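Chemist:
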Amino acid sequence: MQDANGSRFALVLGRQDWGQCRLDAAAWPGQPLLDTLWSDEAESEAAPLAFDAAQASIGLAQRVSRFAPAKGDVAPSTAQRLGAAADANGNIYAIVDGGSRITVRNAGTGRVSTFWPVSTPEPTPEPGAFAPAEPASPPPPPDWVGLAVTRAHYLVVGVKPVSTPLSGFLVFDLLAGGPPLPLSWPLPWVMSPLDMAARPCGGLAVLDNIGHRVWLLNRRLGMEAVFPVSPLAAQTPPDFQASDAADSPLDASPPNPSTATPHPPWFTLQTTALGGGHPVAIEVLPDGGILVLDEAGADGFALVSLYVGGVLQAQASASDVLRVTPAQDRPGLSLRGFDFAFHADGPGNAKLNPPRLVLVSTEGNQAYVFELLWDAAQPHTLKLAAQAGYLPLKRYGGLQLVSGGLAQVEGDTGLLYASESNWLPLVAQRRPRHVPEAALLTVPFDGGDPGCVWHRVMLDACIPAGCRVQVASRWSDDAKLLPDLPFTDEPTPLLRPDGSELPWLIEGPGATTDAARGHGTWELLLQGARGRWLQLRLTLQGNELSTPRITTLRAWRPRFSYLQHYLPAAYREDAASADFLERFLANFEGQFTALEDRIATARALFDVRSAPTDTLDWLAGWLGLVLDPALDEARRRQLIRHAMPLYQYRGTPQALRLAVQLALSPCVPEADFALPARSQEAPRGVRLLEGYLTRSLPPALLGETVVTPDDAPRVVVPGARWTLNEGAEGLHRRWRDWRVAQGLATSSDTVTSTRFSPLPPADVPAGTLAAWAGFCQATLGAVPTLASDLDTAWRRWVATGQDAGLGLPLPTRWPQDNTAQQGAWRKFIAQLDPLLLRQLRRWQAAVARRHVRIGLYQRDTASTWPSFDVLPPPTELPSNPVALTDWALFETRVAPIAARAHRFSVLLPISGPDTDADTVARQVDHARRVVALAKPAHTAFDIKPYWALLRIGQVRLGLDTLLGLGSREPDIAPALVLGSGHVGSARLGAKPVVPNDRILLEC
0 MQDANGSRFA LVLGRQDWGQ CRLDAAAWPG QPLLDTLWSD EAESEAAPLA
50 FDAAQASIGL AQRVSRFAPA KGDVAPSTAQ RLGAAADANG NIYAIVDGGS
100 RITVRNAGTG RVSTFWPVST PEPTPEPGAF APAEPASPPP PPDWVGLAVT
150 RAHYLVVGVK PVSTPLSGFL VFDLLAGGPP LPLSWPLPWV MSPLDMAARP
200 CGGLAVLDNI GHRVWLLNRR LGMEAVFPVS PLAAQTPPDF QASDAADSPL
250 DASPPNPSTA TPHPPWFTLQ TTALGGGHPV AIEVLPDGGI LVLDEAGADG
300 FALVSLYVGG VLQAQASASD VLRVTPAQDR PGLSLRGFDF AFHADGPGNA
350 KLNPPRLVLV STEGNQAYVF ELLWDAAQPH TLKLAAQAGY LPLKRYGGLQ
400 LVSGGLAQVE GDTGLLYASE SNWLPLVAQR RPRHVPEAAL LTVPFDGGDP
450 GCVWHRVMLD ACIPAGCRVQ VASRWSDDAK LLPDLPFTDE PTPLLRPDGS
500 ELPWLIEGPG ATTDAARGHG TWELLLQGAR GRWLQLRLTL QGNELSTPRI
550 TTLRAWRPRF SYLQHYLPAA YREDAASADF LERFLANFEG QFTALEDRIA
600 TARALFDVRS APTDTLDWLA GWLGLVLDPA LDEARRRQLI RHAMPLYQYR
650 GTPQALRLAV QLALSPCVPE ADFALPARSQ EAPRGVRLLE GYLTRSLPPA
700 LLGETVVTPD DAPRVVVPGA RWTLNEGAEG LHRRWRDWRV AQGLATSSDT
750 VTSTRFSPLP PADVPAGTLA AWAGFCQATL GAVPTLASDL DTAWRRWVAT
800 GQDAGLGLPL PTRWPQDNTA QQGAWRKFIA QLDPLLLRQL RRWQAAVARR
850 HVRIGLYQRD TASTWPSFDV LPPPTELPSN PVALTDWALF ETRVAPIAAR
900 AHRFSVLLPI SGPDTDADTV ARQVDHARRV VALAKPAHTA FDIKPYWALL
950 RIGQVRLGLD TLLGLGSREP DIAPALVLGS GHVGSARLGA KPVVPNDRIL
1000 LEC
């Protein structure tokens, strides 16, 4: 790209370009490439410069902020590290009060209550009953240590031996409830639990404080033999052999392979030169490996040991935390371990690879995050890679960290810690601490010509208050000489008030200026850079709380000289003054060139992809569009880009659907604008339902219904609906039977009084009118209305005396010899209400389409009406088969279709019945305004959310309804939550999976 004066720029953008720069620091000899440092996991955290992929920018690296304990701070007590865990529902169980009580924090209410023991009042003995002579001595207070919840929903609590060697567990069935089941540890073994962790198989791993070993239990809490994978495995005696009573399981030393039990249900913890003699916590890897945390190793830092199959594979120290700690905080820093737990997966169930450990120091006011680097192919290489982050703990007492499930937000570890009487989430705080200063060297930029005058440097960056970027340059016509030349400091960059110098830049770094944040394009004029090759040194300086972030660097060359092109040679005679004048005019050149560039690239204003935001209304005006202010910028651009196909298909279902989607949907796929296209392909999204598709017709009327004299006699079996084959007498008979069934007539009534009429009968006896309407709906599939409405209008007309003697009822034949009556009838039709007149014209047009000419109609029906435009509907059921067919087809097919013609419904997708009512109302109102502008003028419509149309008897499969899971669909009815869910818009949650050997108690 070049500007209006022919200048071009060298560009540094993205990780690959910045990675080719070199680090300029005395602590890093050889000026290594930044890409080399960033690619090495060990070096990347120690490098003073870091690339932020989320912001695509380079800045000062972040360091771990140390929360130094203040005077009076109390470190967490090991006496309170008794055990805590959460079940699958989020309820948290903890051992408190020195091991004598178990509490539970309810996941729904957040209240903490006593889980066990449950206090029960002593029964009062009845008078005269036998009772102990002396009160029984109270049982010794319990001493519980270690707590875990297995994957089989058992809460297991460790029992510590106090006065006797008896130990074991209390096992609570969280599914069935009830008191715990005591599980005694078999003698002569003695086990004193210190910590427990659930295993993937459903069992437990128990850290034994007495035997300095780890016991393994299966899902039924039975002891599980350990099969060590070691060179001694080949020398292990067979499983079945004579027992040796001399060997005592109480011996904590490693067993002798020649005399010990071949595969004991434990493995002994090993002590090496790195440490391992003071275990405090245990965790289990997803593959079954065991991690044991020691408070401190030989170097004074926490030590993590990995055991696979009962054999020590590797050990790693937490001393790597020094690498990400500022130098001034390193003296006296010794991270001793108090507890650890696995970091949860990221938001959205994003897997963490490699896994991370969260380690709490013995100071108790801060936690640290480490990546667990271990390769099964190299089992003896284990490393804890410290991660930058600030995780303070507020009044942490000492209970173990508890996993609360998936991380909810960025920085969330998914863990909870006990702060006095509350359980708080452990979340990284946005209080970064950055390296105070670092510098980099760019690659040499090639100007192409010897003696090239380099013009200016543009930095798309965010430089907040308290930070700065210092630029220095060196240049030469020979690239080999550059490394030996000194750097020359350049002026401090200044923030451009009007954004980037690139014309019509819409998006991207530097497009807009935010002076309060220091965000935008920063500019500096190079003072004396003359040479083919140019190298820059960027020094980033911060206040440790924030950092400058540079996204893009542009070095412009060559400089367009106003002094050379526009001023006389006299101004260039003195070298010193010419140099000053050159740089002075360059300031104005930069401003004028930006204006010239905008003029030269004015064609960008006519391209919706490059037009600035404030010109979109102007651009839309060229197409006759008025943009809705409620549309965001992306949808406004999309509407302008596809305006022509929308104009071509305006008023069609496809265009209407797209108009509503543009108004309501945050993203409309480009493929939807490929018109013409079927508008109902997608099963979801905005749907448009045309009214005529929802009509209901008798099956007999969908085929040939005209009865001709050539039809042979045949037996007609009456069905649910009347057909033309039954004739008028069949309809009269059905009406008579209907009245008798309704109790409105008897079989002895005259035939005349029980004949069916297209006009509604008088409501005598009571219920006759309702019975007639029900009969029409059930027998004909529609209720005739035209004859009734026209008869009512004629009666009003006769009452005015303008009927010229035609009188009542509605005429059935044309008054051939009375001109006055003919005129009165035509005048009556002309003054009808427009809606009624439209219905009458529809009847006349339907008859005209069937008979084509009035003469044919007169011949087939023996009628005297001279033309179709004066023909009224029959007020009595015609006996003529042709006239009967005309009436039946109109009332059962033409009229119902016309009632639904030119009507449609727009169905809006709603996220569920729990959607906020105000939000739905705003969407419906917005859609109504959009459809009113885009629909054909003669149509009527309504707007409905999906849920408003799912009614039995009204839905149409494939149009507004899909076959799915129904009420079991999670999106339709979410699980009911007490205190927040609504009956009718939620469902009961699925029952938990219960193993075959368990019983689930329900109430």
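In numbering that gives the first Met the number 0, the protein residues as written are 0 to 1002.
We treat Cβ as the ideally placed atom computed from N, Cα and C, and that holds for glycine.
Predicted model, so just to flag it, every value in this text is computed and none were measured.
Are there 16 or more other CB atoms within 10 angstroms of the CB of residue 625, so buried, or fewer, so exposed?
Modeler: exposed
Chemist: Mind checking residue 15: buried by the 16 CB within 10 Å criterion, or exposed?
Modeler: exposed
Chemist: Report yes if the C-beta distance between residue 790 and residue 809 is below 8 Å; otherwise report no.
Modeler: yes
Chemist: Can you tell me whether residue 712 is helix, strand or coil according to DSSP?
Modeler: At residue 712, the pLDDT of 47 sits below 50, so the modelled position is not reliable and the matter cannot be decided from this model.
Chemist: Helix, strand or coil for residue 48 per DSSP?
Modeler: strand
Chemist: What does the alpha-carbon distance come out to for the pair residue 271 and residue 205?
Modeler: 21 Å
Chemist: Would you check if there are 3 or more beta carbon pairs closer than 8 Å linking the region 452–461 to the region 424–441?
Modeler: no
Chemist: Whole angstroms are fine: how far does the CA of residue 225 sit from the CA of residue 199?
Modeler: Distance between the alpha carbons of residue 199 and residue 225 is about 16 Å.
Chemist: Within its chain, find whatever has a CB closer than 7 Å to the CB of residue 4; leave out the 5 residues flanking it on each side and keep chain order.
Modeler: 559 and 592
Chemist: With DSSP collapsed to three states, give me the class of residue 184.
Modeler: coil
Chemist: Could you work out which residue in 51, 66 and 47 is closest to residue 60 when comparing CA atoms only?
Modeler: 47
Chemist: Cα separation between residue 167 and residue 213?
Modeler: 14 Å
Chemist: Which residues share a DSSP beta bridge with residue 172?
Modeler: 153
Chemist: Span of the beta strand (DSSP E) holding residue 821?
Modeler: In the DSSP assignment, residue 821 falls outside any beta strand (DSSP E) and within the unbroken alpha helix (DSSP H) covering 818–829.
Chemist: Can residue 371 and residue 79 be called in contact, C-beta distance under 8 Å?
Modeler: It is not a contact, given that the beta carbons lie outside the stated cut-off.
Chemist: Alpha carbon to alpha carbon, how far is residue 642 from residue 620? Give it in angstroms, no decimals.
Modeler: 11 Å
Chemist: Under the rule that 16 or more other beta-carbon atoms within 10 Å means buried, what is residue 916, buried or exposed?
Modeler: exposed
Chemist: Between the beta-carbon of residue 463 and the beta-carbon of residue 545, is there less than 8 Å?
Modeler: Between residue 463 and residue 545, the gap from beta carbon to beta carbon is short of 8 Å.
Chemist: Suppose you measure from the CA of residue 904 to the CA of residue 662; what does that come to, to the nearest Å?
Modeler: Cα-Cα distance, rounded: 17 Å.
Chemist: Kindly indicate which three-state DSSP category residue 100 falls into: helix, strand or coil?
Modeler: strand
Chemist: I'd like the span of the alpha helix (DSSP H) that includes residue 57, first residue to last.
Modeler: Segment 56–59 is the beta strand (DSSP E) holding residue 57; no alpha helix (DSSP H) there.
Chemist: For the alpha helix (DSSP H) containing residue 644, name the first residue and the last one.
Modeler: Per DSSP, residue 644 belongs to the alpha helix (DSSP H) from 642–647.
Chemist: Take residue 531 as the anchor and find which of 719, 898, 475 and 654 has the nearest alpha-carbon.
Modeler: 475
Chemist: On the premise that residue 520 lies in contact with residue 483, defined as a C-beta separation below 8 Å, what is that separation, rounded to the nearest angstrom?
Modeler: Contact annotation, residue 483 with residue 520: C-beta distance approximately 33 Å; criterion of less than 8 Å not satisfied.
Chemist: Reducing DSSP to helix, strand and coil, say where residue 211 ends up.
Modeler: coil
Chemist: With DSSP collapsed to three states, give me the class of residue 517.
Modeler: coil
Chemist: Out of 547, 811, 487 and 577, state which residue places its alpha-carbon closest to the alpha-carbon of residue 56.
Modeler: 547
Chemist: In this structure, what does DSSP give as the bridge partners for residue 337?
Modeler: Residue 337 is not bridged to any residue.
Chemist: Please report how far the alpha carbon of residue 246 lies from the alpha carbon of residue 312, in whole angstroms.
Modeler: Confidence at residue 246 is low in this model, with a pLDDT of 42, below 50, so its placement is unreliable and the value that follows should be read with caution. About 28 Å.
Chemist: From residue 364 to residue 334, what distance separates their C-alpha atoms?
Modeler: 12 Å
Chemist: With H, G and I counted as helix, E and B as strand and the rest as coil, what does DSSP make of residue 564?
Modeler: helix
Chemist: Residue 141 and residue 99 look like a contact to me (Cβ under 8 Å); what is the Cβ gap, rounded to whole Å?
Modeler: 5 Å
Chemist: Along the chain, which unbroken stretches of the alpha helix (DSSP H) at least 4 residues long are found entirely within the region 827–868?
Modeler: 833–850 and 853–860
Chemist: Per DSSP, what kind of secondary structure is residue 503 in: helix, strand or coil?
Modeler: If DSSP states are grouped into helix, strand and coil, residue 503 belongs with coil.
Chemist: In whole angstroms, what separates the C-alpha of residue 524 from that of residue 447?
Modeler: 20 Å
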